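Reading through the structure tokens given below for one structure.
There are 2 protein chains.
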Amino acid sequence: MSEPLGVALVGCGTVGTGVAKILSRHADRLTGRTGGRPIVLRRVIVRDADKPRECEVPPGLIATDHTVATSDPAVHVVVELIGGTTHAKRVVLDAIAAGKHVVTANKALLAAHGTEIFTAARKHGVAVCFEAAVAGGVPIIRTLAESLSANQITAIQGILNGTSNFILTSMAEGGMSYDDALKEAQRLGYAEADPTLDVDGSDAAHKLAVLAQIAFGVTPKPTDIERQGIAGIQAMDIRFADELGYTIKLLAEAWASESGPGPSTVALHVAPVLLRHTDMLAQVRGAYNAILVVGDIVGETLYQGPGAGMMPTASSVVGDLVDLAVGRAQHTFAAAKLWSAPGERPAFQIAPSEKVRSRFYLRLIVKDEPGTLADVCRCLADQEISISSVIQHEAQDGHPEKTVPLVIMTHYSETGQFRTAAAAVGKLTGIVSPPVFFSVDD
Amino acid sequence: MSEPLGVALVGCGTVGTGVAKILSRHADRLTGRTGGRPIVLRRVIVRDADKPRECEVPPGLIATDHTVATSDPAVHVVVELIGGTTHAKRVVLDAIAAGKHVVTANKALLAAHGTEIFTAARKHGVAVCFEAAVAGGVPIIRTLAESLSANQITAIQGILNGTSNFILTSMAEGGMSYDDALKEAQRLGYAEADPTLDVDGSDAAHKLAVLAQIAFGVTPKPTDIERQGIAGIQAMDIRFADELGYTIKLLAEAWASESGPGPSTVALHVAPVLLRHTDMLAQVRGAYNAILVVGDIVGETLYQGPGAGMMPTASSVVGDLVDLAVGRAQHTFAAAKLWSAPGERPAFQIAPSEKVRSRFYLRLIVKDEPGTLADVCRCLADQEISISSVIQHEAQDGHPEKTVPLVIMTHYSETGQFRTAAAAVGKLTGIVSPPVFFSVDD
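Protein chains in written order, with this note's numbering: chain A, 207 to 648; chain B, 207 to 648.
Rendered as structure tokens:
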């Protein structure tokens, strides 16, 4: 029997508890999967050693100082599950400096400090694994980094935030308002008390940054990923979209382009998008995650599963531990050269989304007066955007008298041109509230 | 720069041509993915060296005798793409005996001779990779063997035969008869001139046998996998199912069970199944493949993509070559112990499907006479099967006078009990043609 792989958990909240459960309950199974090498929990680092916990951990393994783990020669892997980018970064860099492999579920940390962490890991000859950082139990990291290695990825469209998807599903299927759907998500534990990072697109943007590093070699700064959250989506938008045959989903998207001279570019953004009801991503309900990946050789492939939660995320963490025990992860780490110095790996340039061509959904609240529709159409025509369809219903409850919602679906245009047109529309005297618009994926 | 990985293609038909294209057109990309090790085509073995081919292969590489490849010290990997189980087996065993790794897309070969091939590979210290053998471009092999390694798989439901799925989609969406849909599939190149292995479930059964080896450690004999094809599905079955809210798909299924004393069991079968319209697998259209995998830790995950074709399958073959060049595949091969001797790896026992509980769709052509429905209901009641709903429409064109279709949906029962009941129904004097029945997945 080989020397066991010693594991230290730093952080024993939801996911950590799941990992500890798997390691203790399924030790024999895991030894079978590694070809005979046991995976053994050596240390559990927590903030409060006395707090009662669900974790089935012998009390002797618990400590509060992470250097107890990083200085233990019987520990080969440090699993960072505390979240955030300050103390977590310290823990990860200390582990690397001590020659320990790292497994992390921390997308914010990778998005912010990937280069520093991976450079340190290469220097110290250890691997960093992060299957759990994106889409919980869905093996999207391995898929991009290993399975599709024959391909250049040309597009990614992901439902990467389960909270937002749960809210949008509740609005679409239960006819709820955004506020009620959010409260329901909080009641059921799908949303935090402060849901900002989930519903404003930040969490999805962190995950997209990680996927884009693997697929395109880019290291986007926070400002490089445009993000639009779901808080501006009203119940009427869900209804209008449905009437037109579409479902609204918060998507994290990457679109590569090789058009024109110069290097290839990739546009990255997180935004609500109208998808046809029959689209695979439109079918993804509740807290599930799904990622459509387009490769230049394989074509379209789709990966779906639970995007968060104790056991799905722990499944991915333990999968990484098995890879380290087998020796696979070390090879992948060395070959993939992720977050490496410029020039070490071919990289795309990050382009703004302005040149991405799309159709658009534009929803306005307009005064019920002659000439308003003509003015709106003129603003679109000035940007050479043609109109595909128009819906104008009678005024509804909750709107001031003499205003009505007006929905316009456009033909294809560049995003930048559409935004210019929408800004002009917003300045018209007949427009009561700021224009709401989403791109449409056909 | 490391020593190149030398590759020999044995067979240069559709998939081989795709592999040769990728190796020649994307050499730089692949060297980047392997961490610096080029992947180089050294030999191409074909039946007819003079046949004009789309393959971009220097004529000097072409030979007709596979031992030219297996005896070439510059060849490290033999890619077997000839299909069948006779000559292909010879090629694979010769390659292994000569110390070459093997990459194959041949599910029939693995299903029939997996143990012999893997035993030989272990003896000679080489790896056998087969991502392309199941579901074309969908990375389901890596997913089961690596990504979900923390889990015991508890169920697999796969649309694994694109030809059948194309035919069923055409019947459902185009209102075609089975015969017309098959002709359309042949016209478009989705079905062979002799489509037997695709439409009778044999091809899907080979693929299920491969997946079941990874997930459950079982090595099913051909008779261990019950198979029912799609040729018995009539247009009216598609319509009745639709009326009830279901889509008919040909599924390859594995259901594990730990109930009762003794070892865990797994039931394996290929059959048409009624899926709710909203089910993810029901949405899979045309020649696509999709696999729902349930793990005891991660829960439900789904993988979808092109199930066949030159480039998707070549994408998987080249992914395996990258894994071999990086060194990952060798670790996976050693740790996974696939097709190993009994006792080396915990294995399920294969159980017949009789104990699998399901609802059923039963469609009969009955004489329009008093008492027939009562007799049918009695046969079901004798097996303690209760009826959920009944549809009886007026007689339709094409049926002899005084006969009508009768559709019964049952509540849950054991498959064996339902089959007994259906056999009894088939003997009733009021039943004009053999009962048609499919299980219903709710």
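Note that the Cβ used here is the ideal one computed from N, Cα and C, for glycine as well.
All values derive from a computational prediction rather than experimental measurement.
Scan the region 351-370 of chain B for residues whose Cβ lies nearer than 7 Å to a Cβ of chain A and list them as they occur along the chain.
If the cut-off is 7 Å between Cβ atoms, the region 351-370 of chain B has E352, S353, L354, S355, A356, N357, Q358 near chain A.
Under 7 Å: does the beta carbon of B:L247 sit that close to some heavy atom of the ligand NAP?
Here there are no bound small molecules, and the ligand NAP is not part of this structure.
Cβ neighbours of B:V638 in the same chain (closer than 7 Å, five flanking residues each side left out)
Position 432 of the second sequence holds residue 638 of chain B. Same-chain partners within the cutoff: I571, V572, K573, T609.
C-beta contact flag for B:V250 and B:I268 at 8 Å:
For the purposes of this step, residue 250 of chain B is taken as the residue at position 44 of the second sequence. For the purposes of this step, residue 268 of chain B is taken as the residue at position 62 of the second sequence. Yes. Within cutoff.
Compute the Euclidean distance between the alpha carbons of B:Q440 and B:H599, then round it to the nearest angstrom.
Numbered from its first residue, the second sequence carries residue 440 of chain B at position 234. Numbered from its first residue, the second sequence carries residue 599 of chain B at position 393. The alpha-carbon atoms of B:Q440 and B:H599 are separated by roughly 16 Å.
Residues of chain B with CB closer than 7 Å to the CB of A:R235, please, in chain order.
On the first sequence, residue 235 of chain A is found 29 positions in, with the first residue counted as 1. What A:R235 touches in chain B: Q358.
Sort A:A531, A:D256, A:H617, A:S463 by Cα distance to A:K561 and report the nearest one.
Numbered from 1 along the first sequence, position 355 holds the residue referred to as residue 561 of chain A. When only C-alpha atoms are compared, the closest one is A:S463.
Bridge partners for B:A473 per DSSP, in chain order?
Counting from one through the second sequence, the residue named residue 473 of chain B turns up at place 267. DSSP lists B:W461, B:A557 as partners of B:A473.
Nearest neighbour of A:L586, chosen from A:E575, A:P576, A:L568 [CA to CA]:
Here the question's residue 586 of chain A lines up with position 380 in the first sequence. With distances taken between Cα atoms, A:L586 lies closest to A:L568.
Under 8 Å Cβ to Cβ from A:A535, same chain only, skipping five residues before and after it: list those, please.
Taking the first sequence and counting its residues from 1, the one referred to as residue 535 of chain A is at position 329. Take A:A535, set aside five residues on each side of it, and the residues of its chain with a beta-carbon closer than 8 Å to its own are H307, A333, C335, D526, D529, in chain order.
Test: A:A547 CB closer than 8 Å to a CB of chain B
Sequence index remark: in the first sequence, residue 547 of chain A carries index 341 (1-based). So, not an interface residue.
According to DSSP, which residues form a beta bridge with B:S353?
Counting from one through the second sequence, the residue named residue 353 of chain B turns up at place 147. DSSP lists no partner for B:S353.
Opening and closing residue of the beta strand (DSSP E) in which B:M615 lies
Stepping through the second sequence from its first residue, residue 615 of chain B is reached at position 409. Element bounds for B:M615: 609-616.
What does a CB cutoff of less than 6 Å around B:G632 pick up in its chain, not counting 5 residues either side in sequence?
Your numbering for residue 632 of chain B matches position 426 in the second sequence. P640, P641.
Cα-Cα, which of B:D648, B:L579, B:A391 is closest to B:I614?
The residue labelled residue 614 of chain B in the question sits at position 408 within the second sequence. Considering only alpha carbons, the answer is B:L579.
Closest to A:L634 by CA distance: which of A:F644, A:I323, A:D448, A:D581 is it?
Start at 1 with the first residue of the first sequence, and residue 634 of chain A comes out as number 428. Nearest option by C-alpha distance: A:D581.
Presumed contact (8 Å Cβ cut-off) between A:L498 and A:V416, rounded CB distance:
Within the first sequence, numbered from 1, the residue matching residue 498 of chain A stands at position 292. Within the first sequence, numbered from 1, the residue matching residue 416 of chain A stands at position 210. The Cβ separation is near 17 Å, so there is no contact.
Touch test, the region 390-407 of chain B against the region 443-452 of chain B, Cβ-Cβ under 8 Å, three pairs minimum
Proximity of the region 390-407 of chain B to the region 443-452 of chain B falls short of the contact definition, fewer than three beta-carbon pairs being nearer than 8 Å.
When DSSP builds the beta bridges, which residues end up paired with A:I454?
In the first sequence, counting from the first residue as 1, residue 454 of chain A sits at position 248. Per DSSP, A:L480.
If I follow the unbroken alpha helix (DSSP H) through B:L568, where does it start and stop?
In the second sequence, residue 568 of chain B corresponds to position 362, counting from 1. For B:L568, there is no enclosing alpha helix (DSSP H); the residue is found in the beta strand (DSSP E) stretching over 563-573.
Give the C-beta separation of A:A214 and A:R248 to the nearest angstrom, bearing in mind that I take them to be a contact with Cβ-Cβ under 8 Å.
In the first sequence, residue 214 of chain A corresponds to position 8, counting from 1. In the first sequence, residue 248 of chain A corresponds to position 42, counting from 1. The pair is a contact, with the Cβ atoms about 6 Å apart (cut-off 8 Å).
Tell me, please, whether the region 507-523 of chain A touches the region 336-347 of chain A by the rule of three or more beta-carbon pairs shorter than 8 Å.
The region 507-523 of chain A is in contact with the region 336-347 of chain A.
Less than 8 Å between the beta carbons of A:V283 and A:V523, yes or no?
Counting from 1 along the first sequence, the entry for residue 283 of chain A is found at position 77. Counting from 1 along the first sequence, the entry for residue 523 of chain A is found at position 317. No, the pair does not count as a contact, with Cβ atoms beyond the cut-off.
Taking a contact to mean a Cβ-Cβ separation below 8 Å, would you say A:L474 touches A:P426 in this structure?
In the first sequence, residue 474 of chain A corresponds to position 268, counting from 1. In the first sequence, residue 426 of chain A corresponds to position 220, counting from 1. For A:L474 and A:P426, yes; Cβs fall inside 8 Å.
Distance CB(A:D502)-CB(A:T349) smaller than 8 Å:
Against the first sequence, residue 502 of chain A aligns to sequence position 296. Against the first sequence, residue 349 of chain A aligns to sequence position 143. Not in contact: A:D502 and A:T349 (Cβ atoms no closer than 8 Å).
For B:G501, go through chain A and note every residue whose CB falls closer than 7 Å to its CB, in chain order.
Here residue 501 of chain B is taken as the residue at index 295 of the second sequence, counted from 1. Result: S521.
Measuring straight from C-alpha to C-alpha, what distance separates A:E352 and A:T538?
Within the first sequence, numbered from 1, the residue matching residue 352 of chain A stands at position 146. Within the first sequence, numbered from 1, the residue matching residue 538 of chain A stands at position 332. Cα atoms of A:E352 and A:T538: separation of roughly 8 Å, rounded to the nearest angstrom.
Counted within 10 angstroms of its Cβ, other Cβ atoms place A:V596 as buried (16 or more) or exposed
The residue given as residue 596 of chain A occupies position 390 in the first sequence. Under this definition A:V596 is an exposed residue.
Locate the beta strand (DSSP E) running through A:T371, then write down its first and last residues.
As a working mapping, residue 371 of chain A is identified with position 165 in the first sequence. Checking the displayed sequence, the identity of residue 371 of chain A turns out to be Asn instead of Thr. Where A:N371 is concerned, there is no enclosing beta strand (DSSP E), although the alpha helix (DSSP H) it sits in stretches over 368-380.
The beta strand (DSSP E) enclosing B:Q363, as first and last residue numbers
Taking the second sequence and counting its residues from 1, one reaches residue 363 of chain B at position 157. Note, B:Q363: beta strand (DSSP E), 359-365.
Nearest to B:G217 (by Cα), restricted to the options B:S592, B:E575, B:I593, B:A520:
Here residue 217 of chain B refers to the residue found at position 11 when the second sequence is read from its first residue. Considering only alpha carbons, the answer is B:A520.
Contact set for A:A630: own chain, Cβ-Cβ below 6 Å, skip 5 residues either direction:
By 1-based counting over the first sequence, the position of residue 630 of chain A is 424. Within its own chain, the residues whose Cβ lies closer than 6 Å to the Cβ of A:A630, once the five positions on either side in sequence are excluded, are C585, listed in chain order.
Does the beta-carbon distance from B:V505 to A:P518 come in below 8 Å?
Stepping through the second sequence from its first residue, residue 505 of chain B is reached at position 299. Stepping through the first sequence from its first residue, residue 518 of chain A is reached at position 312. In the sequence as displayed, the identity of residue 505 of chain B is Gly instead of Val. Taking 8 Å as the Cβ cut-off, B:G505 and A:P518 qualify as a contacting pair.
Sequence ranges, alpha helix (DSSP H) only - wholly within the region 285-356 of chain B, length at least 4:
Every unbroken stretch of the alpha helix (DSSP H) spanning 4 or more residues and falling wholly within the region 285-356 of chain B is given here in chain order: 293-303, 313-330.
In angstroms with no decimal places, state the Cα-to-Cα distance between A:I650 and B:L481.
Shown here, chain A extends from 207 to 648; a query on residue 650 of chain A therefore has no answer.
With DSSP as the reference, identify every bridge partner of B:T507, one or two as the case may be.
Translated into positions along the second sequence, residue 507 of chain B becomes position 301. B:V499.
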